[in-house]
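*Asks:*
Residue numbers (this note's numbering), protein chains in the order written: chain A, 16 to 310; chain B, 16 to 310; chain C, 16 to 310; chain D, 16 to 310.
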């Protein structure tokens with residue numbers, strides 16, 4: 016069952032997703048603000064669009080994978096925009112990591128234009144997409160979800176249906192990143208504690224990843240902390256701070272204090288204030304080490 | 016290679032450990048303050064001792080599995096005690112969860128008496144012992160560790176050597192429990208957040224345990240939180256508070272602030288203040304739910 | 016020395032300030048979005064303006080006392096706005112409580128239009144204005160400050176010169192409110208502690224206000240907490256939350272974690288989540304009481 | 016009305032208190048573990064005792080002003096001790112800063128011996144005693160309080176009656192010190208914030224002490240922070256940490272989380288870990304400055 020749709024935003028993640036959709040035989044158009052990343056998709060048979068309006072006209076389904084709320088708002092509103100260009104009953108599938116606030120706001124704007132919005136944030140890095148291991152959380156009106164589901168199944172390995180309220184899926188993504196930040200922070204504290212008691216960091220790494228914490232969050236970030244290898248960031252401290260503030264903002268919106276987020280937000284703020292904002296966000300562990308009189 | 020030794024403390028954990036040592040053919044004596052739990056070990060060929068002194072004389076190696084620092088101090092010091100009874104070069108293997116402070120204090124007392132102390136806390140519940148999956152962290156003077164190693168290998172599946180400073184192994188155990196408390200707290204916050212956004216708790220449980228957090232800490236305690244099943248405690252809030260205070264005390268001793276421990280210590284204090292001290296310690300998630308206006 | 020200027024925003028605070036300026040003989044015009052509050056100033060000889068442009072033309076100095084950043088941005092930008100209407104070298108004196116971010120942003124916009132911005136937030140309630148006890152923190156280019164100083168001296172009792180960077184004065188105001196929130200939170204915790212030990216709340220109130228804490232922050236808010244008198248708000252929990260988020264946002268901008276702000280922000284979030292957002296912000300003490308198993 | 020009693024513990028505070036009691040004409044005996052500090056009181060007509068037993072026999076009322084719980088327990092229990100030596104209906108007035116736990120424990124021990132305990136901690140430094148400005152919080156059985164009241168009135172300027180449960184008075188003292196720590200911490204955060212915005216520290220000091228925070232807690236400690244004058248400690252970071260842990264221990268006993276205490280306890284732990292334990296406890300502000308990328 017081939018679906019006709021357009022994908023907007025060809026960063027590393029968006030490009031990997033486009034490849035998966037094309038591999039599965041979907042009729043995909045692509046659009047990127049700067050034209051360069053789109054070029055290679057022409058060779059793969061994808062229609063390369065010159066404007067948002069052209070993308071919106073390709074099947075009336077648009078997937079966006081954009082860097083932040085500002086980029087998403089810019090694409091959704093304005094003169095050459097999705098809301099202005101999508102046909103009646105058109106569908107916007109929001110796949111980036113965004114605030115619940117902007118997702119709700121755009122869902123209302125699309126609804127006012129007779130269109131639909133589905134929130135479908137992804138769990139995983141570009142490598143996970145390519146390896147066919149991506150998770151996708153999806154929420155929105157049931158019929159709209161059904162329309163884009165074949166596309167999501169081509170892109171991701173596992174689809175988690177989070178109900179009909181788009182903000183819910185956005186919130187699951189924010190909560191997942193929040194949990195990751197908490198795990199990194201807790202490891203930073205535990206490594207500092209055991210190091211000051213004379214325990215080798217590699218030994219402590221083995222203990223936790225062989226036991227209760229044998230999961231990627233701990234094996235990937237425990238390795239970075241054990242090796243103090245912050246200089247090759249998979250995700251920077253500055254981006255981590257954005258994730259913390261996204262979580263706290265959703266908490267404020269929903270009436271939920273997040274005391275554990277406060278802890279690592281503060282450590283990231285300190286790291287950035289010291290000029291370490293472009294290091295891996297696991298550098299929050301170094302703040303903990305400093306606060307413990309280490310290093 | 017059979018080792019002659021005694022095991023003191025036949026609670027659920029100590030009894031399971033004694034069974035494993037006997038299964039492996041070690042010459043084990045047992046002692047328990049109240050005689051009842053020791054009885055069945057006579058049938059298994061174990062020597063059942065009537066006093067600490069008798070236990071200390073059985074091979075000069077004593078393993079203790081006791082509930083807390085006070086019980087350990089009582090067994091180590093005093094008239095009929097390990098320090099008074101162990102022979103020169105005798106060995107005390109401390110396997111319970113204890114403060115770094117008491118471990119260091121007893122190591123010094125044993126050393127003053129010409130004896131040795133090895134710290135060998137266990138990672139896992141009695142069921143893990145029986146299933147042959149227990150982890151053991153061990154630290155102490157190398158020769159002393161070598162003497163008890165065959166016993167530890169009979170009891171546990173994996174031995175983590177944490178150096179020659181006994182306090183280090185005690186600290187690893189405290190840090191491991193600390194990490195667990197942090198994971199439970201973070202889940203409590205994340206479940207409250209997603210629930211207030213209208214997301215089903217079972218769905219959120221699936222998302223996290225299928226992804227970055229596919230580890231026992233999250234699958235076991237995420238299940239309890241998703242089901243709000245606090246009434247069948249595997250470990251009570253009151254015991255959880257003790258673990259938090261153990262972590263904070265080690266942090267104070269070592270000069271390491273543990274801001275993440277503060278968070279869940281405070282939630283456990285509140286739960287206990289409300290009369291929920293005998294519920295499962297995952298009840299800290301209910302405090303978070305209350306602070307979010309849920310329930 | 017009479018100064019010709021306009022005051023925009025005739026809420027309780029703005030109106031009290033206008034009265035003081037008129038009392039001192041300044042040539043004051045007034046403007047309010049809804050015309051009603053302006054009416055009585057005509058009888059006092061003030062020019063009542065029908066538009067922002069008319070106000071901006073009255074001497075080229077405009078004081079604004081507005082409720083929040085959104086209101087300030089609306090007045091500064093847009094078709095009938097201060098930036099569009101103030102003459103070259105015109106002066107905008109911002110006296111409300113605003114984020115450092117908006118103050119810096121408007122300072123740049125005014126500068127681009129050849130105009131000046133002075134930040135002059137006030138410390139105190141309307142009653143303090145009337146009683147001639149208001150403090151004013153002022154920052155901006157020295158010549159611009161000098162031009163509005165006679166007006167500020169008419170309005171306030173004490174002028175604190177905070178340098179030539181307008182964001183500094185805005186930050187002092189935010190920091191002052193932050194300190195107040197911290198004092199209220201700390202009292203909430205201390206009252207809960209002593210109450211659970213059987214100490215009468217009035218006695219504890221006497222102890223602290225007779226000693227190290229004999230200051231308005233403690234006598235005013237300690238009284239509210241001791242009497243649990245949250246139903247007659249001088250300042251609501253919802254406004255208090257905005258102050259906390261203002262502080263945290265300035266902290267984020269400046270690279271300063273504010274761990275004490277996290278604590279009372281979270282208590283206010285909980286109070287609001289429970290439906291107590293319109294009570295006095297000292298209701299954060301009731302959250303603490305609840306977390307202590309009281310009430 | 017002269018009272019016959021003994022005072023134990025002639026540190027700076029105890030000595031100043033003894034002077035006041037003698038000035039008022041009370042028949043005071045004194046005892047100190049090391050004899051030197053007692054000598055000068057002989058010239059003032061005080062009986063200088065050679066043992067606790069001798070002190071306990073002097074009127075059957077003993078005031079203790081000791082450094083910590085360990086010193087208090089040592090004086091109360093043991094062979095030559097207050098409990099062993101006080102006559103039936105004898106009275107022990109505990110005036111140092113102690114945990115609620117030890118006060119309750121000793122109250123029970125004295126009661127078992129047919130004796131009384133009154134808790135009467137002091138609010139102020141030795142200079143306040145000499146200046147006749149000391150506050151005293153007193154709690155215990157009404158008749159026992161009445162017996163020592165003339166002495167307390169000679170020593171202090173204001174007596175706060177906190178009920179008949181001795182633990183209550185101990186808790187008020189702990190809560191008072193807790194509030195002070197919170198005020199210092201909050202100032203540390205506020206000074207760091209305004210400094211990073213370019214505001215002069217002396218100016219910020221003026222703003223807060225002229226307004227809502229015109230109280231000794233802020234004027235004394237704000238001065239130390241504004242001048243970064245941590246090298247002449249009135250009270251060291253190490254002692255401050257003890258006060259934080261005293262507060263947290265009382266909170267744990269009473270079922271009261273103290274999230275604001277966590278914040279400054281952690282800052283003091285870090286300062287001590289860096290080797291600054293003997294600086295003034297306001298050095299917690301320097302930790303905040305470091306966490307903000309200052310200094």
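Don't be surprised by glycine CBs; every beta carbon is placed ideally from N, CA and C. This one's a predicted model, so the numbers in the text were calculated from it and none came from an experiment.
So which of D/50, D/127, D/154 has the shortest CA-CA distance to residue 186 of chain D?
*Replies:* If we check each option's Cα against that of residue 186 of chain D, D/154 comes out closest.
*Asks:* Name, in chain order, the residues that DSSP records as bridge partners for residue 21 of chain B.
*Replies:* Residue 21 of chain B pairs with B/44, B/77.
*Asks:* Considering only C-alpha positions, which residue in the set A/113, A/150, A/83 is nearest to residue 176 of chain A?
*Replies:* Among A/113, A/150, A/83, the Cα nearest to that of residue 176 of chain A is on A/150.
*Asks:* For the pair the segment 285–300 of chain A and the segment 269–278 of chain C, tell me if three or more CB-CB distances fall below 8 Å.
*Replies:* Touching, per the Cβ criterion.
*Asks:* Does DSSP classify residue 251 of chain D as helix, strand or coil?
*Replies:* Looking at residue 251 of chain D - three-state DSSP - the assignment turns out to be strand.
*Asks:* Taking only beta-carbon positions, decide if residue 284 of chain D is within less than 7 Å of chain B.
*Replies:* Yes, its Cβ sits closer than 7 Å to a Cβ of chain B.
*Asks:* Taking only three categories from DSSP, how would you classify residue 243 of chain B?
*Replies:* Three-state result, residue 243 of chain B: coil.
*Asks:* Can you tell me where the beta strand (DSSP E) holding residue 176 of chain A begins and where it ends?
*Replies:* Start and end: 173–176.
*Asks:* If we cut at 7 Å on Cβ distances, does residue 270 of chain B have a partner in chain D?
*Replies:* Yes - at least one Cβ of chain D is within 7 Å of the one on residue 270 of chain B.
*Asks:* Between A/306, A/295, A/297, which lies nearest to residue 299 of chain D when the distance is taken from Cα to Cα?
*Replies:* Measuring from the Cα of residue 299 of chain D, the nearest candidate turns out to be A/306.
*Asks:* Here's the rule: buried if 16 or more other CB atoms are within 10 angstroms of the residue's CB, otherwise exposed. What is residue 16 of chain A?
*Replies:* Exposed, because fewer than 16 other Cβ atoms sit within 10 Å of the Cβ of residue 16 of chain A.
*Asks:* Would you call the segment 166–175 of chain A and the segment 198–211 of chain A touching, i.e. three or more CB-CB distances under 8 Å?
*Replies:* No contact exists between the segment 166–175 of chain A and the segment 198–211 of chain A.
*Asks:* DSSP on residue 67 of chain A, reduced to helix/strand/coil?
*Replies:* DSSP places residue 67 of chain A in helix when its eight states are reduced to three.
*Asks:* Would you please state the rounded distance, in angstroms, between the beta carbons of residue 67 of chain D and residue 97 of chain D? I believe it to be under 8 Å.
*Replies:* Rounded, the Cβ-Cβ distance is 6 Å, consistent with contact.
*Asks:* List, in chain order, every chain C residue whose beta-carbon is nearer than 8 Å to that of residue 182 of chain B.
*Replies:* Ordered by position in chain C, no residue passes the 8 Å Cβ test against residue 182 of chain B, which lies about 29 Å from the chain.
*Asks:* Can you confirm whether residue 172 of chain A, when its beta carbon is compared against all beta carbons of chain D, has any partner nearer than 7 Å?
*Replies:* By this cut-off, residue 172 of chain A is not an interface position.
*Asks:* Could you confirm whether any beta carbon from chain B is found closer than 7 Å to the beta carbon of residue 14 of chain A?
*Replies:* Outside the displayed span of chain A (16 to 310) sits residue 14 of chain A, for which this structure offers no information.
*Asks:* List the residues of chain D whose Cβ lies closer than 7 Å to the Cβ of residue 231 of chain C, in chain order.
*Replies:* Result: 227.
*Asks:* So is residue 200 of chain C buried or exposed if we call it buried at 16+ other beta carbons inside 10 Å?
*Replies:* Residue 200 of chain C comes out buried.
*Asks:* Could you tell me whether the segment 249–266 of chain B touches the segment 254–263 of chain A, using the rule of 3 or more Cβ pairs below 8 Å?
*Replies:* Counting Cβ pairs under 8 Å, fewer than three are found: no touch.
*Asks:* Keeping to the same chain, check which residues put their C-beta closer than 8 Å to that of residue 189 of chain A; ignore five residues upstream and five downstream.
*Replies:* The residues are 112, 114, 115, 258, 261, 262, 265.
*Asks:* Which residues in chain A have a C-beta closer than 7 Å to the C-beta of residue 306 of chain D? List them in chain order.
*Replies:* Within 7 Å Cβ-Cβ: 285.
*Asks:* Are any of the Cβ atoms in chain C nearer than 7 Å to that of residue 274 of chain A?
*Replies:* Interface residue, yes.
*Asks:* What is the DSSP secondary structure of residue 134 of chain A, counted as helix, strand or coil?
*Replies:* In the structure shown, residue 134 of chain A sits in a strand (DSSP, three-state: E or B).
*Asks:* Could you confirm whether any beta carbon from chain B is found closer than 7 Å to the beta carbon of residue 85 of chain C?
*Replies:* No, because no Cβ of chain B sits closer than 7 Å to the Cβ of residue 85 of chain C.
*Asks:* Report the start-end ranges of each alpha helix (DSSP H) in the segment 244–310 of chain C that is 4 residues or longer and not cut off at the edges.
*Replies:* Counting whole runs of 4 or more residues, the segment 244–310 of chain C contains the alpha helix (DSSP H) stretches 252–269, 274–288, 299–306.
*Asks:* Is it the case that the segment 220–229 of chain C contacts the segment 219–235 of chain D, given that we only count it when at least three CB pairs across the two stretches are under 8 Å?
*Replies:* At 8 Å Cβ cutoff, the stretches touch.
*Asks:* Can you list, in chain order, the residues of its chain whose CB lies under 8 Å from that of residue 147 of chain D, leaving out five sequence neighbours each side?
*Replies:* Cβ neighbours of residue 147 of chain D beyond the five flanking positions: 35, 172.
*Asks:* Is residue 60 of chain D buried or exposed, if buried means 16 or more other CB atoms sit within 10 Å of its CB?
*Replies:* So residue 60 of chain D counts as exposed.
*Asks:* With 7 Å as the threshold, decide whether the Cβ of residue 215 of chain B is near any Cβ in chain D.
*Replies:* No, residue 215 of chain B lies away from the interface with chain D (no Cβ there is under 7 Å from its Cβ).
*Asks:* Can you give me the Cβ contacts of residue 295 of chain A inside the same chain, cut-off strictly under 8 Å, excluding the 5 residues immediately before and after it?
*Replies:* The residues are 239, 244, 245, 246, 247, 248, 249, 250, 251, 252.
*Asks:* For residue 39 of chain D, I'd like the list of residues in its chain whose CB is within less than 7 Å of its CB, leaving aside the five on either flank, ordered along the chain.
*Replies:* Closer than 7 Å at Cβ, skipping near neighbours: 169.
*Asks:* Would you mind stating whether residue 91 of chain B and residue 121 of chain B have Cβ atoms separated by less than 7 Å?
*Replies:* In contact: residue 91 of chain B and residue 121 of chain B (Cβ atoms closer than 7 Å).
*Asks:* As a quick exercise: from C/94, C/107, C/301, pick the residue whose alpha carbon is nearest that of residue 80 of chain C.
*Replies:* Among C/94, C/107, C/301, the Cα nearest to that of residue 80 of chain C is on C/107.
*Asks:* Going by CA-CA distance only, name the one from C/215, C/194, C/237 that's closest to residue 220 of chain D.
*Replies:* With distances taken between Cα atoms, residue 220 of chain D lies closest to C/194.
*Asks:* Residue 100 of chain A to residue 135 of chain A, Cα distance in whole Å?
*Replies:* For residue 100 of chain A and residue 135 of chain A, the distance between alpha carbons rounds to 21 Å.
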